[in-house]
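If you read the protein sequences in the order shown, they are chains A and B.
Under my numbering, read the first sequence as residues 284 to 381, first letter to last.
Under my numbering, read the second sequence as residues 208 to 836, first letter to last.
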Amino acid sequence: MTAHALIVAMILFVLGLAGLLARRNIVYMLLSIEIMLNAASLAFIAAGSRWAAPDGQVMFFFILAFAAAEASVALAILLQLSDRFRTVDADAVSEMRH
Amino acid sequence: MLHLVPFIPALPFGGFLLLTLLGGRLSRRELTWIGVGSVGGSALLTALIAIPFLHGLPEAPSYSGRLWTWIDTAGLTAGMGWHLDALSLLMTLVITGVGFLIHLYSTEYMADDEGYRRFFAYMNLFVGSMLTLVLADNLLLLYLGWEGVGLCSYLLIGFWYRDPANGAAAQKAFIVTRTGDTALAVGLLLLFMELHTLSIQQAQTLAAGAWPIGSGIATAVAALLLAGAVGKSAQVPLQVWLPDAMAGPTPVSALIHAATMVTAGVYLIARLHGLFVLAPAVMGAVAIIGTVTLLLAGFSALVQRDIKRVLAYSTISQIGYMFLALGVGAWSAALFHFLTHACFKALLFLAAGAVILAVHHEQDIFRMGGLRRHSPVVFWTFLAGAAALSGLPLVTAGFYSKDWILWSVWSSPQGGRWLWAGGVLGAFLTALYSFRLVFRVFFGPRRAEPAWTPGRATRIPLVVLAALSLTVGLFEIPSTLGPVPLFSMYLSHALPLLHEPAAEDESSHEAAQQTVVTMASLAGVAVAAWMFLGRRRALETVASHPIAGAFARLWFDGWGFDRLYARLFVWPWHAVTREGTDGFDLLYDRLAGAVRSAHYWLTVTQTGQVRWYAASVALGALLMLVLAL
Numbered sequence: 284m285t286a287h288a289l290i291v292a293m294i295l296f297v298l299g300l301a302g303l304l305a306r307r308n309i310v311y312m313l314l315s316i317e318i319m320l321n322a323a324s325l326a327f328i329a330a331g332s333r334w335a336a337p338d339g340q341v342m343f344f345f346i347l348a349f350a351a352a353e354a355s356v357a358l359a360i361l362l363q364l365s366d367r368f369r370t371v372d373a374d375a376v377s378e379m380r381h
Numbered sequence: 208m209l210h211l212v213p214f215i216p217a218l219p220f221g222g223f224l225l226l227t228l229l230g231g232r233l234s235r236r237e238l239t240w241i242g243v244g245s246v247g248g249s250a251l252l253t254a255l256i257a258i259p260f261l262h263g264l265p266e267a268p269s270y271s272g273r274l275w276t277w278i279d280t281a282g283l284t285a286g287m288g289w290h291l292d293a294l295s296l297l298m299t300l301v302i303t304g305v306g307f308l309i310h311l312y313s314t315e316y317m318a319d320d321e322g323y324r325r326f327f328a329y330m331n332l333f334v335g336s337m338l339t340l341v342l343a344d345n346l347l348l349l350y351l352g353w354e355g356v357g358l359c360s361y362l363l364i365g366f367w368y369r370d371p372a373n374g375a376a377a378q379k380a381f382i383v384t385r386t387g388d389t390a391l392a393v394g395l396l397l398l399f400m401e402l403h404t405l406s407i408q409q410a411q412t413l414a415a416g417a418w419p420i421g422s423g424i425a426t427a428v429a430a431l432l433l434a435g436a437v438g439k440s441a442q443v444p445l446q447v448w449l450p451d452a453m454a455g456p457t458p459v460s461a462l463i464h465a466a467t468m469v470t471a472g473v474y475l476i477a478r479l480h481g482l483f484v485l486a487p488a489v490m491g492a493v494a495i496i497g498t499v500t501l502l503l504a505g506f507s508a509l510v511q512r513d514i515k516r517v518l519a520y521s522t523i524s525q526i527g528y529m530f531l532a533l534g535v536g537a538w539s540a541a542l543f544h545f546l547t548h549a550c551f552k553a554l555l556f557l558a559a560g561a562v563i564l565a566v567h568h569e570q571d572i573f574r575m576g577g578l579r580r581h582s583p584v585v586f587w588t589f590l591a592g593a594a595a596l597s598g599l600p601l602v603t604a605g606f607y608s609k610d611w612i613l614w615s616v617w618s619s620p621q622g623g624r625w626l627w628a629g630g631v632l633g634a635f636l637t638a639l640y641s642f643r644l645v646f647r648v649f650f651g652p653r654r655a656e657p658a659w660t661p662g663r664a665t666r667i668p669l670v671v672l673a674a675l676s677l678t679v680g681l682f683e684i685p686s687t688l689g690p691v692p693l694f695s696m697y698l699s700h701a702l703p704l705l706h707e708p709a710a711e712d713e714s715s716h717e718a719a720q721q722t723v724v725t726m727a728s729l730a731g732v733a734v735a736a737w738m739f740l741g742r743r744r745a746l747e748t749v750a751s752h753p754i755a756g757a758f759a760r761l762w763f764d765g766w767g768f769d770r771l772y773a774r775l776f777v778w779p780w781h782a783v784t785r786e787g788t789d790g791f792d793l794l795y796d797r798l799a800g801a802v803r804s805a806h807y808w809l810t811v812t813q814t815g816q817v818r819w820y821a822a823s824v825a826l827g828a829l830l831m832l833v834l835a836l
């Protein structure tokens with residue numbers, strides 16, 4: 284049971300990571316990050332039910348709150364990006380490295 | 208009155224501050240009043256203080272006081288304290304008196320210079336530092352003054368800084384004297400480590416009790432102090448800076464490089480005589496250094512072409528006499544020669560300055576001549592100075608001081624016949640080069656048309672100093688001529704008298720000795736007249752001889768010390784520090800290069816593409832996991 288849940292979590296995480304690395308559209312990159320976060324949450328809940336401890340669910344709420352905060356910051360960046368550069372392509376703003 | 212002593216150095220320091228901070232807003236007249244007035248006030252104050260001091264002499268030979276504590280840390284206490292005794296009062300009188308006359312002279316000499324304010328600011332700072340040096344009651348404060356005068360010397364040698372040669376001369380003076388100063392600092396530290404005090408009086412008392420005569424520590428301390436004195440007073444082997452120091456304005460040469468600063472070494476040895484008597488070997492070295500210096504510089508002075516360089520070598524030579532006297536323990540004789548030398552050498556420099564101005568800033572004596580009639584004041588005062596420098600008998604101050612030194616060398620147990628013979632040869636050379644100057648500059652055909660005649664501010668110092676050069680010797684007349692031991696009695700309150708009063712049978716020796724010295728001086732004048740007056744055939748015969756020519760070149764270069772030091776120190780230093788070959792430079796260049804290339808490789812990874820960063824984070828996390836498993 285736990286093993287199945289962990290395998291699903293791993294698949295979700297790798298999907299998310301692959302999406303993050305492959306997509307250039309910043310909206311999809313955000314979606315990919317959300318998927319990775321949910322994969323991590325799923326792993327915590329699976330572990331919590333395996334040892335019958337509440338910690339896993341506590342960690343899920345923690346990640347939920349964290350994801351909300353992350354989404355608000357990331358959406359703000361996204362808005363600025365599309366506003367100033369008229370694009371949602373993350374690579375198009377690579378000159379910001381300096 | 209005696210509690211006003213701190214104001215003596217404070218006045219010139221105040222003048223320096225006023226000139227520096229407010230100087231831009233002051234008119235030329237106000238600048239003059241501040242610059243000259245501060246030193247004049249200081250001289251007046253010194254004279255006022257001298258009166259009660261002399262009245263209280265036999266009972267109260269010294270006054271000390273402290274303004275505030277300067278440094279007070281574990282074991283080391285040094286205060287802004289002064290110690291006034293016969294020795295420091297003598298120095299103070301000379302510094303402020305001669306200093307005032309030279310400042311007065313400068314108002315005319317420097318009148319057209321754009322650096323008028325800067326000049327007087329530096330000069331005031333110098334006088335203040337020099338007074339700090341001689342009035343200090345502890346060695347740390349003395350060292351502060353010592354470095355202060357060194358700084359002012361540097362600033363004033365390079366006063367006309369637009370000419371790089373002047374800057375080079377200033378650096379040379381600074382670096383060479385700094386060699387001696389370093390030794391002096393080490394000596395002071397050693398003294399402090401051994402005796403746990405830097406008070407001048409206390410240190411000598413403690414040393415006399417703790418160190419046996421001739422012990423290693425006493426010799427080491429005295430030798431280090433001597434090295435400092437040798438650097439400051441331009442003695443062999445650190446004499447090379449003084450002839451080049453003539454790059455500064457002439458009043459600077461008169462005040463700093465003739466009358467006061469260069470005699471700081473003499474003062475240091477006399478002040479710490481309690482330490483030097485514990486080290487007989489060092490005393491012997493002082494006497495030998497003095498004799499060697501006075502001869503080397505005397506020969507060099509014979510062949511110089513630049514009027515100021517002649518006087519510079521002459522200064523080195525005369526300080527050699529003072530060192531010779533110190534070395535045989537004749538402290539008072541050395542200080543007496545300091546007094547007379549300050550008068551006549553300042554006079555000679557000031558008169559030389561007037562000559563230089565008169566012939567359009569020409570300093571080559573081969574292009575002067577026949578100036579006797581143009582300005583009689585300059586001629587007669589220069590003649591008085593040259594006569595005093597040569598030690599012409601009876602009428603000049605130089606005669607009494609030089610005679611006293613040579614008689615001390617003859618009769619002192621530490622003296623010797625060789626030292627004495629060197630001194631007598633030096634007296635002959637002194638007369639020869641002095642009158643060579645007189646005959647070259649003031650006699651013979653006129654080679655340049657004089658343009659400038661000295662005004663009042665030039666004439667007054669010249670006449671006063673000439674009068675002093677002729678009369679100051681009367682304070683101390685040897686027993687053979689009816690004893691007047693005023694000066695030795697006065698200084699005996701600060702410095703021990705080495706000799707017992709001459710016994711009856713010695714007085715014939717003394718008279719014979721005096722005759723020899725006098726003959727040497729007169730012979731010098733006679734030879735100078737024979738060679739440089741009239742048709743000068745004798746001179747041409749001598750000069751055309753190849754050996755004489757070789758010696759003349761050697762002497763002209765100051766015995767090749769400059770070349771020797773260039774090979775020993777300057778070239779190796781340049782070779783080590785030249786760009787590209789310096790080992791340390793290479794090391795740091797490589798280090799900088801490594802950092803730069805590492806930085807380059809790191810910037811390559813900074814693509815600005817967020818996905819790359821995410822990939823590297825993922826890779827990093829994976830790596831950590833692998834490592835953890």
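Note that CB positions come from ideal geometry on N, CA and C, so glycine has one too.
Predicted, not measured: the structure shown is a model, and the values here were computed from it.
Within chain A, no residue has its CB atom less than 8 angstroms from the CB of B/VAL833, the nearest being about 16 angstroms off. Shown in chain order are the members of the region 809-824 of chain B whose Cβ falls below 8 angstroms from a Cβ of chain A: GLN813, THR814, GLY815, GLN816, VAL817, ARG818, ALA821, ALA822. Taking CB atoms only, A/ASP366 has no neighbour in chain B less than 8 angstroms away. Pairing B/LEU228 with B/ARG324 gives a Cβ-Cβ distance that is not under 8 angstroms. Residue-level contact check: A/ALA373 touches chain B, since one or more beta carbons of chain B fall below 8 angstroms from its beta carbon.
Taking a Cβ-Cβ cut-off of 8 angstroms, the neighbours of A/LEU303 in chain B comprise ARG818, ALA821, given in sequence order. Bounds of the alpha helix (DSSP H) holding B/ALA415 are 407-417. In this structure, the CA atom of B/LEU761 is about 10 angstroms from the CA atom of B/VAL510. In this structure, the CA atom of B/VAL749 is about 10 angstroms from the CA atom of B/ALA759.
The beta-carbon of A/SER377 is placed less than 8 angstroms from the nearest beta-carbon of chain B. A Cβ of chain B is located within less than 8 angstroms of the beta carbon of A/LEU300. With respect to the 8 angstroms criterion, B/SER313 and B/MET468 are not classified as neighbours on the basis of their beta carbons. Residues of the same chain with a CB within less than 6 angstroms of the CB of A/PHE327, apart from the 5 flanking positions on each side, are GLY339, MET342, PHE343 in chain order. A/VAL291 and A/VAL371 do not touch by the CB rule: their CB atoms are close to 30 angstroms apart, not below 8 angstroms. Using a C-beta cut-off of 8 angstroms, the region 303-319 of chain B makes contact with the region 665-676 of chain B, since at least three inter-stretch Cβ pairs fall below that distance. Bridge partners of B/ARG273 according to DSSP: B/GLY288. For B/SER269, the closest alpha carbon among the candidates B/LEU501, B/ALA250, B/HIS290, B/ALA634 is that of B/HIS290. DSSP places B/TYR329 inside the alpha helix (DSSP H), whose first and last residues are 323-342. The alpha-carbon of B/HIS544 is positioned some 19 angstroms away from that of B/GLN621. Leaving aside the five residues that flank B/GLY244 on each side, the residues in its chain whose CB is nearer than 8 angstroms to its CB run, in chain order, GLY222. With respect to the C-alpha of B/ALA701, the residue from B/THR280, B/VAL212, B/LEU294 having the closest C-alpha is B/LEU294. Residue state for B/ILE278 is assigned as strand, using DSSP reduced to three classes.
Contiguous alpha helix (DSSP H) elements confined to the region 491-565 of chain B occur at 514-534, 538-565, taking only those with 4 or more residues. Here B/VAL212 carries a coil assignment [DSSP, helix/strand/coil].
With the rule of 3 Cβ pairs closer than 8 angstroms, the region 589-606 of chain B does not count as touching the region 452-466 of chain B.
Under the 8 angstroms Cβ criterion, the region 553-563 of chain B counts as touching the region 512-528 of chain B, having at least three qualifying pairs. In this structure, B/TYR528 lies near B/GLY633, with their beta-carbon atoms less than 8 angstroms apart.
B/LEU209 and B/PHE260 have their alpha carbons spaced roughly 7 angstroms apart. Its chain contains LEU238, ILE241, GLY242, ARG324, PHE327, ALA328, ASN331 as the residues whose beta carbon lies nearer than 7 angstroms to that of B/LEU226, once the 5 sequence neighbours on both sides are disregarded; these appear in chain order. B/ILE420 sits in coil when the DSSP states are folded into three classes, being neither helix nor strand.
Membership of B/ILE302 in the alpha helix (DSSP H) is indicated by the continuous run 293-316. Comparing C-alpha distances from B/THR522 to each of B/ALA217, B/TRP538, B/ALA465, B/VAL602 shows the shortest one belongs to B/ALA465. When rounded, the separation of the alpha-carbon atoms in B/SER336 and B/GLY231 is 23 angstroms.
Selection B/THR588, B/ARG579, B/ALA805, B/SER695 evaluated against B/ILE667 yields B/THR588 as nearest (Cα-Cα).
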